[in-house]
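Asks: First to last, the protein sequences are chains G, W and B.
Residues 2 to 760, numbered by this note's numbering, are exactly what the first sequence covers, in order.
Residues -9 to 70, numbered by this note's numbering, are exactly what the second sequence covers, in order.
Residues 39 to 275, numbered by this note's numbering, are exactly what the third sequence covers, in order.
Before we start, here is the structure in question, set down as structure tokens.
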Amino acid sequence: MKTAEEIKLTPEIIQKHGITPAEYGSIKKILGREPNLTELGIFSVMWSEHCSYKNSKNVLKLLPKDGPRMLVKAGEENAGVVDIGDGLVVVFKMESHNHPSAIEPFQGAATGVGGILRDIFTMGARPIASMNSLRFGKLDDNGNTKRLLSGVVAGISHYGNCIGVPTIGGEIYFDESYEGNPLVNAFALGLARREEIVKAKAEGTGNPVFYLGAATGRDGMGGAAFASKDLSEASEKDRPAVQVGDPFLEKLLLEAVLELLKSGCVVGIQDMGAAGLTCSTCETASRGNTGVEIDVAKVPQRETGMVPYEIMLSESQERMLVILKKGREAEAKRIFEKWDLHAEAIGLVTDDGLMRVKENGVTVSEIPAKKLADDAPVYIREEKEPAYLKSAGNFDPKSLGSAGDLNAVLLKLLDAPSIASKEWVYGQYDHMVRTNTVVLPGSDASVIRIKGTNKSIAISTDGNSTYCYLDPYEGAKIAVAEAARNVACAGAVPLSITNCLNFGNPMNPEIFWTLKKCIEGIRDACLAFETPVSGGNVSLYNQNPKGAIDPTPTIGMVGLIEGREPVTSHFKNEGDVVILLGQTREELGGSEFLKTIFGVKAGVCPRLDLKEAKALNDLMIRLAKENLLASAHDCAEGGLAVALAESCISNKGYEMGAAINVGATPARPAGGRRVAPTDVSTEALLFGESQSRVVISVSPKNLKKAEEVIQSSATPYEVIGKTGGEDLAIQVIHRGLTPIPVRVLSHTWRNAIGRRMRG
Amino acid sequence: MKAKIYVTLKKSVLDPQGKAVGQALSSMGFGGVRDVRMGKYIELEMNGADRAGTEKNIKAMCEKLLANTVIEEYRWEIQN
Amino acid sequence: MSCFLINGYPDTRSHTRFSVKFGVVVFPGSNCDEDCRHVLKNVMGQEADFVWHKDRDLSRYDCVVLPGGFSYGDYLRTGAIARFSPVMEAVQKHAERGKLVIGICNGFQILLESGLLPGAMLRNASLKFVCKFVELRVESADSAFTKKTKKGQRLRLPVAHGEGNYFADDEALADLKKNDQILLRYADNPNGSVEDIAGICNKKRNVFGLMPHPERASERELGSVDGRKIFESIVSQ
Chain G
2 MKTAEEIKLT PEIIQKHGIT PAEYGSIKKI LGREPNLTEL GIFSVMWSEH CSYKNSKNVL
62 KLLPKDGPRM LVKAGEENAG VVDIGDGLVV VFKMESHNHP SAIEPFQGAA TGVGGILRDI
122 FTMGARPIAS MNSLRFGKLD DNGNTKRLLS GVVAGISHYG NCIGVPTIGG EIYFDESYEG
182 NPLVNAFALG LARREEIVKA KAEGTGNPVF YLGAATGRDG MGGAAFASKD LSEASEKDRP
242 AVQVGDPFLE KLLLEAVLEL LKSGCVVGIQ DMGAAGLTCS TCETASRGNT GVEIDVAKVP
302 QRETGMVPYE IMLSESQERM LVILKKGREA EAKRIFEKWD LHAEAIGLVT DDGLMRVKEN
362 GVTVSEIPAK KLADDAPVYI REEKEPAYLK SAGNFDPKSL GSAGDLNAVL LKLLDAPSIA
422 SKEWVYGQYD HMVRTNTVVL PGSDASVIRI KGTNKSIAIS TDGNSTYCYL DPYEGAKIAV
482 AEAARNVACA GAVPLSITNC LNFGNPMNPE IFWTLKKCIE GIRDACLAFE TPVSGGNVSL
542 YNQNPKGAID PTPTIGMVGL IEGREPVTSH FKNEGDVVIL LGQTREELGG SEFLKTIFGV
602 KAGVCPRLDL KEAKALNDLM IRLAKENLLA SAHDCAEGGL AVALAESCIS NKGYEMGAAI
662 NVGATPARPA GGRRVAPTDV STEALLFGES QSRVVISVSP KNLKKAEEVI QSSATPYEVI
722 GKTGGEDLAI QVIHRGLTPI PVRVLSHTWR NAIGRRMRG
Chain W
-9 MKAKIYVTLK KSVLDPQGKA VGQALSSMGF GGVRDVRMGK YIELEMNGAD RAGTEKNIKA
51 MCEKLLANTV IEEYRWEIQN
Chain B
39 MSCFLINGYP DTRSHTRFSV KFGVVVFPGS NCDEDCRHVL KNVMGQEADF VWHKDRDLSR
99 YDCVVLPGGF SYGDYLRTGA IARFSPVMEA VQKHAERGKL VIGICNGFQI LLESGLLPGA
159 MLRNASLKFV CKFVELRVES ADSAFTKKTK KGQRLRLPVA HGEGNYFADD EALADLKKND
219 QILLRYADNP NGSVEDIAGI CNKKRNVFGL MPHPERASER ELGSVDGRKI FESIVSQ
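Rendered as structure tokens:
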């Protein structure tokens, strides 16, 4: 058998590693010689899109990363760090695990959760909440989508519940563009004291490098490279690329790592995620401006006969690289043993800047660490406005004619899986463990308290890909704005976002154009809301045999509440006054109404005025601060009618009706814009998705004060009704819905997904 | 020696997993399945050649840890 | 509503007069250990320590808590491996001496596996993990764990488990009923438990196991304070 050093690298082998001839030239230049097979493998994973962002780096730099609260900026470490005052910081990130979940939904989703949690606790923060953004094909009559949904939810539940981090919410959309290419974007947030944050750096020549955790097997060989290739029919056969997660082991790692970091014997630590041992060694060396030398023979191995190439590229889960202070090894070992963990010294920090891999003392690869980690090629891809945009934009919803009975339309919308209650999903997640979840899943934002302080953290994930399909720039802006509005509805000040950018093949100029436009939209919205990007990831090549997914930026927004209780979205008391904030326009394009009732995905998506959106958020925070809100609920998919229905029914067991009449009272402030202008169609008033609107309820005793506060803002408003009774009745300018029992609304909305999953 | 141990729920205990698999099989059009019982399969590589001693050992392992005799029953095979 | 609020530290502590020493056992994979200690210390105002699963001495505690979680990953069967932890011998002795033991969720499963309570757990009838608030009915107030409740009283507590489908054969069930050992039943059974059983005690009435989480329902901001009734019962010995 030949060793990796003896194998002659043919153009085919190079191409199979996804390395272009030009990239191969760069590798030769960096090394000053031909690479061997192990080195080629190492370059191929580090220079894959997943690790290097070579196709997106050039546009990612548009995103704003600076802000007074940003302690660790996007890209510097494994996750961003945001100051929340009083010496506390939150560490959070969202990451995609789309391709593994497409192949094996249970393990793909489970290891996605495991990976993002490791990114958080290796920074020294204890994970206190998880969320996820999921996308699937249509749920109706589709066995494959049901299988994927079941598997993904069970996988998230398996991993998150066992490790004891509450999964407090998220979002799910169903659309045919995700057929066969579901999206699983896992978000996690951790809490630490400011001084506890550690860096993933290898410093101090002679410090020992330890391998901690599960033994290495041939899992996910070149998974990072795999994640960057189109999913084709053939990928069914790629099953060995699936990794299996062990949440119990990770729970031990979590406790051991936090204890280890507290002990002060750690210099740096990094998870072995994508590209495993390769990525963690060269990145820690690069950040520390040092070198790292390891001997793969010392790496614990689960399988026999593994060669250096395999050990370096393996993606076995639940492993990490720990650089200890020399002389403190015994102390560290006691902690590893306490948690029944296996750790092995596999190498040393050096001062020559090289990532040197040995096997039983014989050098098998030697690469300048910094060049490997940081000098991946950066491409400026060709961009072109997609041809479909013109025809989709020219579509006029009015050409469709009447939607028929409005009561039936509302029920159909509440039954649409993208709108319906996600109880079937979050009921399988332990969303209460750690006893901090003060707003449970199902409100606009989920909220966790921080014990022993007066602070709570509100989190929302959002991203309407239909809008992004119809207008990538506007759609991405809306994704940020909706996430910000959701946390503001809870009474939180939006602080910062993380994001996953899920797109198709970037070599397609039309797809690259949408990526760039989305990034520009996120940039402008983040600047307007003063919410810098703390980190995130890019997942490209999301394609199925029919084509690319719709452009899907998902946004995870984190907000801070101090000294008061969060606001939730359901009506609380009979006789409270219902107020609509923000203006409704003739905006049915891209709506769930068009998709569900007419099967049409076209039109001009709603416009978002950033000033208007920011003013509304500020107003929401002020109303919350003054304790004037009984409830607040954002108008999103399904428009005003769905928002009202959800406020009536989202508190299970405590459903409450409302009598609504929009346009019955004069516009306020007098002479100001009406929230519901008379030239807007009934359908748009009820089901249109105009942005920057919120339905609030206030107790009659607070009404005067609330109106004063609202009038001092630039947001138009109208008192539209009262809560109470068994029915929801909605009139808009003399047309509307006959009263529907909230019991019926609740049953439809609550069982929509469970009914389909059973069927 | 290799011991192959099978642990299943007792007949008197409802097996929801087995029931779900049975229903799935019949809805996929596989007829003729009267009942499905799901269980665990455990493989042990044993040292030593004393068959009787090994049998005794395995029985103790099953009773103490590998099966919960309140709800489960077990059987095993030994291969040389 | 006060504008200054410190999370998790209610102004009025329910019981500072009494002092019960709690030992909260930490198994590898326990994940409700901190939640239990938080409530016992900061809400109930009692002494509460963590006890490592390798410790063998529980003599300084009045009440031992086996918390929820996934001890040993719930591999093989829930609680099956944890029950062989060194601390379990001490738990056994603690119970024999008539001192109190409460097992919550995974802790209940461990008590069943160790034989301190009769019966066994099966997977939920739905085959899915279930996390939600449920309504419970107190079946007996005659125990150290329910004395501050009334028979028939409704309690609203969360459940969070994949294997909470309690099973006991006919003989064991008859025994449980005869001895008034069923302390809690579900009003709306979430997991298929036989006879809606949510919590049982042993014959001596000093060992209690329940699937719902009282520690998740002991603070107003978490949506229910009914769980405090259980802890108040224990504390008022």
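Heads up, the beta-carbon is just placed ideally off N, CA and C, and yes, glycines get one too.
Here the structure is a predicted model, which means the values were calculated and not measured.
Using DSSP with H/G/I as helix, E/B as strand and the rest coil, what is E257 (chain B)?
Replies: Three-state result, E257 (chain B): strand.
Asks: Interface residues of chain B around V26 (chain W) at Cβ under 7 Å?
Replies: Neighbours of V26 (chain W) on chain B: none; closest Cβ ~13 Å, over 7 Å.
Asks: Could you tell me how far apart the beta carbons of E284 (chain G) and I164 (chain G) are, in whole angstroms, since I believe they sit closer than 8 Å?
Replies: Incorrect: roughly 24 Å between the Cβ atoms, too far for contact.
Asks: Please list the terminal residues of the continuous alpha helix (DSSP H) segment that includes W514 (chain G).
Replies: Residues P510 to F530.
Asks: Would you list the residues sitting across from E563 (chain G) in a DSSP beta bridge?
Replies: Answer by DSSP bridge pairing, in chain order: G:K456.
Asks: So, K186 (chain B) versus E270 (chain B), is the Cβ gap smaller than 8 Å?
Replies: In this structure, E270 (chain B) lies closer than 8 Å to K186 (chain B) by Cβ.
Asks: Can you look up T187 (chain B) in the DSSP assignment and give me helix, strand or coil?
Replies: Three-state DSSP puts T187 (chain B) in coil, outside helix and strand.
Asks: Following the continuous beta strand (DSSP E) through C101 (chain B), name the residue where it begins and the one where it ends.
Replies: Counting along the chain, the beta strand (DSSP E) containing C101 (chain B) begins and ends at C101 to L104.
Asks: In this structure, how does DSSP classify D239 (chain G) when only helix, strand and coil are distinguished?
Replies: In this predicted model, D239 (chain G) has a pLDDT of only 43, less than 50, meaning its place in the structure is not dependable; the value taken from the coordinates is given anyway. Coil.
Asks: Mind listing, in chain order, the continuous beta strand (DSSP E) runs of no fewer than 3 residues lying wholly within the region 138 to 226 of chain G?
Replies: Runs found: 168 to 175, 184 to 194 and 209 to 214.
Asks: In the region 122 to 182 of chain B, which residue ranges form an unbroken alpha helix (DSSP H) of at least 4 residues, counting only runs that do not cross its ends?
Replies: Runs found: 124 to 134 and 144 to 151.
Asks: Run through DSSP, which three-state label would N618 (chain G) get?
Replies: DSSP places N618 (chain G) in helix when its eight states are reduced to three.
Asks: Judging by CA-CA distance, which residue of B:F246, B:L221 and B:E209 is the nearest neighbour of I235 (chain B)?
Replies: Closest by alpha carbon: B:L221.
Asks: Could you round the C-beta distance between I731 (chain G) and E593 (chain G) to whole angstroms and report it? I think they count as a contact, below 8 Å.
Replies: At roughly 17 Å, the Cβ-Cβ gap does not stay under 8 Å, so I731 (chain G) and E593 (chain G) are not in contact.
Asks: When you compare the CB positions of V605 (chain G) and G289 (chain G), do they come within less than 8 Å of one another, or not?
Replies: In this structure, G289 (chain G) does not lie closer than 8 Å to V605 (chain G) by Cβ.
Asks: Can you tell me which of B:V81, B:R135 and B:A128 puts its alpha carbon nearest to the alpha carbon of V89 (chain B)?
Replies: Closest option to V89 (chain B), Cα to Cα, is B:A128.
Asks: Report the CB separation of M657 (chain G) from G725 (chain G) in whole angstroms; it is logged as a contact under 8 Å.
Replies: Confirmed, about 7 Å.
Asks: Check whether the region 59 to 66 of chain B and the region 99 to 117 of chain B are in contact - that is, three or more C-beta pairs closer than 8 Å.
Replies: Cβ pair count under 8 Å is three or more, so yes.
Asks: Per DSSP, which residues does M558 (chain G) bridge with? Please list them.
Replies: Answer is G:S461 and G:I498.
Asks: Suppose only complete runs of 4+ residues qualify. What are the alpha helix (DSSP H) ranges in the region 282 to 338 of chain G, listed by chain order?
Replies: Counting only runs of 4 or more, we get 309 to 314.
Asks: Residues of chain B with CB closer than 9 Å to the CB of W340 (chain G), please, in chain order.
Replies: Those within 9 Å of W340 (chain G) in chain B are P66.
Asks: Expressed to the nearest angstrom, what Euclidean distance is found between the alpha-carbon atoms of L496 (chain G) and A477 (chain G)?
Replies: Each residue's alpha carbon lies about 18 Å from the other.
Asks: Out of B:G261, B:D95, B:R266 and B:I268, point me to the one whose CA is closest to N437 (chain G)'s CA.
Replies: Selected option, being the one with the closest Cα: B:G261.
Asks: Which residues share a DSSP beta bridge with D87 (chain B)?
Replies: Per DSSP, B:G61.
Asks: Closest to A187 (chain G) by C-alpha separation, out of G:R219, G:V114 and G:F249, would be which residue?
Replies: The residue with the shortest Cα to Cα distance from A187 (chain G) is G:V114.
Asks: Please report how far the alpha carbon of P717 (chain G) lies from the alpha carbon of G600 (chain G), in whole angstroms.
Replies: Going by the C-alpha atoms only, they are around 33 Å apart.
Asks: So which residues of chain W does R161 (chain B) contact, with C-beta pairs closer than 8 Å?
Replies: Within 8 Å Cβ-Cβ: P6 and Q7.
Asks: Write down the C-beta distance between V92 (chain G) and A80 (chain G) rounded to the nearest angstrom, noting that I regard them as a contact closer than 8 Å.
Replies: Between A80 (chain G) and V92 (chain G) the Cβ distance is about 5 Å, and since that is below 8 Å, they are a contact.
Asks: Please name the residue, chosen from G:V199, G:I734, G:P546 and G:A642, that lies closest to E177 (chain G) on a Cα-to-Cα basis.
Replies: Minimum Cα distance to E177 (chain G) is reached at G:P546.
Asks: 8 Å is my cut-off, CB to CB: does F108 (chain B) come that close to chain G?
Replies: For F108 (chain B), the answer is yes, since a Cβ of chain G falls inside 8 Å of its Cβ.
Asks: Have a look at S236 (chain G) and S102 (chain G) and give me their C-alpha separation to the nearest angstrom.
Replies: With a pLDDT of only 42 at S236 (chain G), under 50, the local geometry of the prediction cannot be trusted, and no value is derived from it.
Asks: Counting only beta-carbon atoms, is I(-5) (chain W) nearer than 8 Å to chain B?
Replies: Chain B contact via Cβ: absent.
Asks: Return the residues of the region 73 to 85 of chain B that lie within a Cβ-Cβ distance of less than 7 Å from chain G, sorted by chain order.
Replies: Against chain G - using a Cβ distance shorter than 7 Å - the residues of the region 73 to 85 of chain B are D73 and H76.
Asks: F205 (chain B) CB to nearest chain W CB: under 8 Å?
Replies: Cβ-Cβ to chain W under 8 Å: yes for F205 (chain B).
Asks: Please report the residue range of the beta strand (DSSP E) in which I15 (chain G) lies.
Replies: Element bounds for I15 (chain G): not the beta strand (DSSP E) but the alpha helix (DSSP H), P12 to K17.
Asks: Could you check the C-alpha separation between G722 (chain G) and D728 (chain G) for me, to the nearest Å?
Replies: Those two C-alpha atoms are separated by around 13 Å.
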